[in-house]
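Participant: Same order as they appear, the protein sequences are chains A and B.
So in numbering that gives the first Met the number 0, spot 105 of the first sequence is number 104, and the numbers just go up one at a time.
So in numbering that gives the first Met the number 0, spot 367 of the second sequence is number 366, and the numbers just go up one at a time.
Every residue gets a Cβ at the ideal spot worked out from N, C-alpha and C, and that includes glycine.
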Amino acid sequence: MALAKRKSKPALSADNRWRLRKFVADYGVYIALAILLVVAAALTPKLFAVDTIAVVMRQASQLGIVAIGQTIVLLVAGLDLSVGGVFIMTSVVVAEVGNGRNEMIAPAIMTALALGGLVGLGNGLLVTKRRVPPFVATLGMLVLVKGATQAYTRGVPGGFVPEALGIVNQSWFVLSVPLVLWLGLNAIFIFVLRGTSYGRRVYAVGSNIEAARLSGIPVDAIRISIYVLGSLFAVASGVVLTGYVLYVDRFIGSGLDLDSIAAAVVGGTAFVGGRGGLLGTIAGVLIIQILSTMVVLLGLDVEVQFIIKGLVILGAVTLYSVASTDE
Amino acid sequence: MSQAILEMRGICKSFAGVQALKDVSFRCQAGLVYGLVGENGAGKSTLMKILAGAYKADAGEIIYKGMPRHSASTGEIIASGISIIYQELALVPQMSVAENIFLGREPRNALGILDLGWLRARAEELLSRLGVTLDTRSPVSELTIAQQQLVEIAKALSQDADLIVMDEPSAILAGGELDQLFAIIAALKAQGVTIVYISHRLEEVFRIADEVTVLKDGEVVDSRPIQQLDRATLVRLMVGRSLEEIFPQTDHAQGELRLSAEGIATDSILDGVSLRLHAGEILGIAGMVGSGRTELARALFGADPLTQGEVRLVGESLQQLPQWKTPSQAIRAGLVLVPEDRKSQGLFTALSVRVNITIPILSRLSRLGIIRRAAEEGIVTGARQRLSIVMNSPDQETQYLSGGNQQKVVLAKWLETEPSVIILDEPTRGVDVGAKFEIYKLMRQLNDRGIAIIMISSELPEIIGMSDRILVMNDGRVAGEISRAEADEERIIELATLGAEAQSA
Numbered sequence: 000m001a002l003a004k005r006k007s008k009p010a011l012s013a014d015n016r017w018r019l020r021k022f023v024a025d026y027g028v029y030i031a032l033a034i035l036l037v038v039a040a041a042l043t044p045k046l047f048a049v050d051t052i053a054v055v056m057r058q059a060s061q062l063g064i065v066a067i068g069q070t071i072v073l074l075v076a077g078l079d080l081s082v083g084g085v086f087i088m089t090s091v092v093v094a095e096v097g098n099g100r101n102e103m104i105a106p107a108i109m110t111a112l113a114l115g116g117l118v119g120l121g122n123g124l125l126v127t128k129r130r131v132p133p134f135v136a137t138l139g140m141l142v143l144v145k146g147a148t149q150a151y152t153r154g155v156p157g158g159f160v161p162e163a164l165g166i167v168n169q170s171w172f173v174l175s176v177p178l179v180l181w182l183g184l185n186a187i188f189i190f191v192l193r194g195t196s197y198g199r200r201v202y203a204v205g206s207n208i209e210a211a212r213l214s215g216i217p218v219d220a221i222r223i224s225i226y227v228l229g230s231l232f233a234v235a236s237g238v239v240l241t242g243y244v245l246y247v248d249r250f251i252g253s254g255l256d257l258d259s260i261a262a263a264v265v266g267g268t269a270f271v272g273g274r275g276g277l278l279g280t281i282a283g284v285l286i287i288q289i290l291s292t293m294v295v296l297l298g299l300d301v302e303v304q305f306i307i308k309g310l311v312i313l314g315a316v317t318l319y320s321v322a323s324t325d326e
Numbered sequence: 000m001s002q003a004i005l006e007m008r009g010i011c012k013s014f015a016g017v018q019a020l021k022d023v024s025f026r027c028q029a030g031l032v033y034g035l036v037g038e039n040g041a042g043k044s045t046l047m048k049i050l051a052g053a054y055k056a057d058a059g060e061i062i063y064k065g066m067p068r069h070s071a072s073t074g075e076i077i078a079s080g081i082s083i084i085y086q087e088l089a090l091v092p093q094m095s096v097a098e099n100i101f102l103g104r105e106p107r108n109a110l111g112i113l114d115l116g117w118l119r120a121r122a123e124e125l126l127s128r129l130g131v132t133l134d135t136r137s138p139v140s141e142l143t144i145a146q147q148q149l150v151e152i153a154k155a156l157s158q159d160a161d162l163i164v165m166d167e168p169s170a171i172l173a174g175g176e177l178d179q180l181f182a183i184i185a186a187l188k189a190q191g192v193t194i195v196y197i198s199h200r201l202e203e204v205f206r207i208a209d210e211v212t213v214l215k216d217g218e219v220v221d222s223r224p225i226q227q228l229d230r231a232t233l234v235r236l237m238v239g240r241s242l243e244e245i246f247p248q249t250d251h252a253q254g255e256l257r258l259s260a261e262g263i264a265t266d267s268i269l270d271g272v273s274l275r276l277h278a279g280e281i282l283g284i285a286g287m288v289g290s291g292r293t294e295l296a297r298a299l300f301g302a303d304p305l306t307q308g309e310v311r312l313v314g315e316s317l318q319q320l321p322q323w324k325t326p327s328q329a330i331r332a333g334l335v336l337v338p339e340d341r342k343s344q345g346l347f348t349a350l351s352v353r354v355n356i357t358i359p360i361l362s363r364l365s366r367l368g369i370i371r372r373a374a375e376e377g378i379v380t381g382a383r384q385r386l387s388i389v390m391n392s393p394d395q396e397t398q399y400l401s402g403g404n405q406q407k408v409v410l411a412k413w414l415e416t417e418p419s420v421i422i423l424d425e426p427t428r429g430v431d432v433g434a435k436f437e438i439y440k441l442m443r444q445l446n447d448r449g450i451a452i453i454m455i456s457s458e459l460p461e462i463i464g465m466s467d468r469i470l471v472m473n474d475g476r477v478a479g480e481i482s483r484a485e486a487d488e489e490r491i492i493e494l495a496t497l498g499a500e501a502q503s504a
């Protein structure tokens with residue numbers, strides 16, 4: 000019997016294969032960002048003009064703040080589709096309560112945070128107590144919040160956004176108010192996730208909810224608090240967006256809801272929970288924002304933006320799933 | 000008649016850096032029964048999954064019916080005559096026996112309509128080849144587990160299987176059902192079918208196997224005709240040491256009462272269980288899968304609410320401790336549970352060893368919610384040394400540790416809470432022999448410190464070797480209590496299966 004001589008020779012030993020996988024999972028997004036910057040330097044050098052950087056960073060901040068919330072929700076194996084509704088609600092509340100009076104900005108923001116907190120509480124209760132899948136619960140909440148906002152305004156929002164909220168447009172070279180807010184919130188929450196017992200429990204709940212419960216962690220309280228935080232971040236993004244346009248826009252922040260999920264996922268935060276973090280999301284936000292800007296700088300159609308964005312998301316997810324699969 | 004139907008040579012396979020199979024060779028001749036034995040985690044199932052095409056070997060070759068097999072899909076492998084019957088049966092519960100047997104290969108007439116009559120006739124014919132009669136129209140969900148297994152075997156025959164692998168078929172069977180399975184295996188053998196029978200129960204292997212291959216820690220220790228083996232030799236080959244050496248003995252006096260449960264019941268199967276546990280003792284809990292052992296553990300721990308009865312912990316000098324309703328309250332009172340399924344209930348596989356070990360004691364380790372790194376480092380280093388956990392660093396994700404080290408991490412986690420009572424549900428499942436021995440030693444050390452242990456296990460030698468007293472569960476109740484002196488496998492099996500047989504009679 001002629002024995003087949005060819006022994007299939009694997010390019011990498013099994014041991015090196017999983018090291019490579021882990022490397023991709025841990026550092027892939029930063030490498031992708033670096034490659035993107037090199038490509039941008041070649042294709043669209045204008046991207047590196049101070050003015051352009053300022054614009055990119057401002058938009059990145061608007062997306063980045065809500066993406067912090069989206070990331071921590073994903074960390075507990077959740078998902079928050081309701082952020083789009085919270086943007087609109089925030090915008091309407093700021094205009095109604097603020098009504099052009101600068102001294103009412105603080106109460107207006109507090110009101111928006113309180114209502115946003117209620118939306119998050121609703122999401123959290125539905126997911127934990129009623130065991131509604133996060134996708135369905137937050138989708139329902141999105142429709143509810145949008146509908147309630149429209150019913151309240153009857154399609155014609157009253158009031159005016161106070162002029163002083165335009166402070167969010169202040170900037171010093173590339174350093175703008177939203178950017179400082181984005182970086183500051185990241186610093187705080189990176190510490191919360193890594194250095195506090197709360198952060199540990201968040202990862203534990205996302206990684207294995209049954210083991211977390213059996214370890215004595217109050218899993219429902221953790222998940223509800225995360226949904227509330229997620230909505231508060233959406234309110235913060237909503238305030239920044241409202242200050243940017245200074246009027247009530249019925250479509251404010253449209254697209255940012257799905258982009259926030261995309262940024263977190265591209266940044267390595269897993270849909271199954273317990274894996275990922277805010278540093279990756281920062282890189283994910285930058286990748287998405289730089290890509291969008293490059294499309295504009297190249298003079299391509301806006302539709303191309305969506306195609307490229309879609310390809311990047313699918314590419315990232317495919318890479319991560321390959322990286323985490325043990326055949 | 001020395002033609003080999005199957006030859007696997009030099010098979011290697013590793014998962015995430017852990018070598019599961021090292022240069023394993025396995026040879027089968029047509030029409031014989033092969034026992035494939037070894038401890039849990041020895042690599043038996045991995046080897047068979049490679050044969051089935053579910054895993055791809057890192058190295059080695061498979062020669063089947065004289066032809067080297069290169070990468071093939073599971074469908075092609077089944078078509079070539081290899082069928083594997085896993086412990087978790089792959090049947091569709093709502094469909095009938097006949098439909099399950101021919102699932103995906105149903106004959107259809109010109110209009111694409113199912114020929115039910117043909118289906119039933121063929122199914123009955125196959126079942127009669129096995130010497131059994133079943134109503135081929137009844138849905139599989141109405142059958143007993145043993146009958147479902149027969150359907151799987153009939154399905155394998157319908158695919159013209161020449162080689163049938165049975166992965167621990169007896170694990171899900173009660174006493175009398177085993178005899179029927181053995182009769183069927185004998186019948187298949189007479190029809191020239193080759194059987195690979197995976198088990199770690201030696202009695203079964205001696206009853207049916209023609210040749211036995213022993214796997215240990217991913218390597219073939221020996222492969223011999225059954226006539227050249229006796230029980231003691233086989234145990235030594237499997238475990239690497241004799242039974243006396245495995246179970247460390249210490250003489251300790253029974254301490255005062257630590258835990259008592261009076262007539263507890265839950266929504267699940269549990270129905271009026273009482274038990275008492277004393278300081279420094281190991282109470283073994285035996286019983287078939289589904290007898291309520293795990294439910295008992297969860298109920299004691301507060302993971303499932305009690306519908307009846309009460310559980311009490313008794314502290315030093317017989318002081319009554321507050322009762323608990325949730326796991327976190329139980330942990331605070333000093334009772335912990337090391338759950339049965341490490342991966343799904345015990346471990347945070349994507350998180351580091353450090354995070355896993357300190358998760359239940361975070362409040363103790365932090366000030367104003369901020370974790371004190373130095374204190375945490377001390378705990379983790381201490382645990383690593385005490386339990387000799389093998390890892391690259393405390394930041395290594397636990398999914399990359401071996402089963403034994405994973406189990407040590409879970410144990411370390413609970414020991415840091417300084418419990419007075421520990422419930423261990425299948426503490427050595429999927430753990431290699433070395434780590435097993437260390438876990439046994441650790442249990443004795445805990446006993447010496449006065450900690451009381453409840454150990455649930457399916458491994459009778461482990462139950463008998465480690466327990467001071469044994470409770471046998473059956474159908475949600477305690478079927479009997481056996482003292483260490485009168486413990487033997489027959490007695491336990493008798494108590495564990497008595498109710499089941501009385502029911503079916």
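Please list the partners that residue 343/B has in chain A, where partner means a Cβ-to-Cβ separation under 9 Å.
Facilitator: Neighbours of residue 343/B on chain A, chain order: 207, 209 and 210.
Participant: Here's the rule: buried if 16 or more other CB atoms are within 10 angstroms of the residue's CB, otherwise exposed. What is residue 160/B?
Facilitator: Buried, by the Cβ-count rule.
Participant: Going straight from the alpha carbon of residue 157/A to that of residue 66/A, what length do you get?
Facilitator: Near 29 Å, if we compare the C-alpha coordinates of residue 66/A and residue 157/A.
Participant: Identify, in the order they occur along the chain, each residue of the same chain with its Cβ nearer than 7 Å to the Cβ of residue 490/B, setting aside the five sequence neighbours on each side.
Facilitator: Answer for residue 490/B: 481, listed in chain order.
Participant: Measure the Cβ-Cβ separation of residue 64/A and residue 192/A and say whether it is below 8 Å.
Facilitator: Against a cut-off of 8 Å, the Cβ pair of residue 192/A and residue 64/A comes out as no contact.
Participant: If the cut is a Cβ gap below 9 Å, which residues of chain B does residue 217/A touch?
Facilitator: Near residue 217/A (Cβ distances below 9 Å), the residues of chain B are 325 and 327.
Participant: Between the stretch 251 to 277 of chain A and chain B, which residues of the former have a C-beta closer than 7 Å to a C-beta of the latter?
Facilitator: Flagged, chain order: 273 and 274.
Participant: Whole angstroms is fine: what's the gap from residue 139/B's alpha carbon to residue 279/B's?
Facilitator: The straight-line gap from Cα to Cα measures roughly 47 Å.
Participant: Please give me, in chain order, every unbroken run of the alpha helix (DSSP H) with length at least 4 that falls completely inside the stretch 44 to 96 of chain A.
Facilitator: Segments of the alpha helix (DSSP H) lying fully in the stretch 44 to 96 of chain A: 49 to 74.
Participant: Distance, Cα to Cα, residue 71/A vs residue 93/A?
Facilitator: Going from the Cα of residue 71/A to the Cα of residue 93/A covers about 26 Å.
Participant: Please report how far the alpha carbon of residue 133/B lies from the alpha carbon of residue 123/B, in whole angstroms.
Facilitator: Their Cα atoms are separated by approximately 8 Å.
Participant: Please classify residue 70/B as buried or exposed, where buried requires at least 16 neighbouring CB atoms within 10 angstroms.
Facilitator: Exposed is the call here.
Participant: According to DSSP, what are the bridge partners of residue 283/B?
Facilitator: Residue 283/B pairs with 454/B and 469/B.
Participant: May I ask you to report which of helix, strand or coil DSSP gives residue 71/B?
Facilitator: Coil, per DSSP.
Participant: How would you write the range of the alpha helix (DSSP H) that residue 335/A sits in, first residue to last?
Facilitator: For chain A, the structure presents residues 0 to 326; residue 335/A sits outside this window and is missing.
Participant: So, residue 198/B versus residue 176/B, is the Cβ gap smaller than 8 Å?
Facilitator: No, Cβ-Cβ distance for residue 198/B and residue 176/B is not below 8 Å.
Participant: For residue 365/B, which residues in chain A fall below 8 Å Cβ to Cβ?
Facilitator: Going along chain A in sequence order, the residues near residue 365/B (Cβ under 8 Å) are 195 and 196.
Participant: Which chain C residues sit within Cβ distance under 8 Å of residue 213/A?
Facilitator: The chain labelled as chain C is not found among the protein chains of the depicted structure, namely A and B.
Participant: Quick check on the burial criterion: 16 or more other C-beta atoms within 10 angstroms. Buried or exposed for residue 323/B?
Facilitator: Residue 323/B should be labelled buried.
Participant: DSSP on residue 158/B, reduced to helix/strand/coil?
Facilitator: It is coil, neither helix nor strand.
Participant: Beta-carbon of residue 202/A versus every beta-carbon of chain B: anything under 8 Å?
Facilitator: Judged by the 8 Å Cβ criterion, residue 202/A is in contact with chain B.
Participant: Could you give the residue range of the beta strand (DSSP E) that holds residue 270/B?
Facilitator: Element bounds for residue 270/B: 270 to 277.
Participant: Are any of the Cβ atoms in chain B nearer than 8 Å to that of residue 222/A?
Facilitator: Residue 222/A does not count as touching chain B.
Participant: Report the rounded CA-to-CA distance for residue 101/B versus residue 154/B, giving the unit in angstroms.
Facilitator: Roughly 7 Å separates the two Cα atoms.
Participant: Indicate whether residue 96/B and residue 135/B have their beta-carbon atoms separated by less than 8 Å.
Facilitator: Result yes, Cβ atoms of residue 96/B and residue 135/B sit closer than 8 Å.
Participant: Using the Cα positions of residue 237/A and residue 287/A, report the straight-line distance between them to the nearest angstrom.
Facilitator: Distance between the alpha carbons of residue 237/A and residue 287/A is about 19 Å.
Participant: Look up residue 34/B in the DSSP assignment and say whether it is helix, strand or coil.
Facilitator: Note: residue 34/B maps to strand in three-state DSSP.
Participant: If the criterion is Cβ atoms closer than 8 Å, does the pair residue 36/B and residue 237/B meet it?
Facilitator: Yes, these two residues count as a Cβ contact at 8 Å.
Participant: Give me the DSSP bridge partner(s) of residue 25/B.
Facilitator: Answer is 7/B, bridged to residue 25/B.
Participant: For chain B, find out if any of its Cβ atoms is closer than 8 Å to the Cβ of residue 199/A; answer yes or no.
Facilitator: True, the Cβ-Cβ gap to chain B drops below 8 Å.
Participant: Would you tell me roughly how many angstroms separate the C-alpha atoms of residue 320/A and residue 94/B, rounded to the nearest one?
Facilitator: Their Cα atoms are separated by approximately 34 Å.
Participant: In the DSSP assignment, what are the bridge partners of residue 195/A?
Facilitator: BP columns for residue 195/A point to 369/B.
Participant: Let me make sure I understand the geometry here. Which of 306/A, 311/A, 155/A and 59/A has the alpha-carbon closest to that of residue 177/A?
Facilitator: Checking every option, the nearest Cα to that of residue 177/A belongs to 59/A.
Participant: Roughly how many whole angstroms lie between the Cα atoms of residue 338/B and residue 266/B?
Facilitator: Roughly 19 Å between the two C-alpha positions.
Participant: Within a Cβ cutoff of 8 Å, which residues of the same chain sit near residue 56/B, ignoring the five residues on either side of it in sequence?
Facilitator: Taken in chain order, the residues that qualify are 10, 11, 12, 20 and 49.
Participant: By the DSSP assignment, the beta strand (DSSP E) with residue 83/B in it spans what residues?
Facilitator: Run containing residue 83/B: 81 to 84, per the beta strand (DSSP E) assignment.
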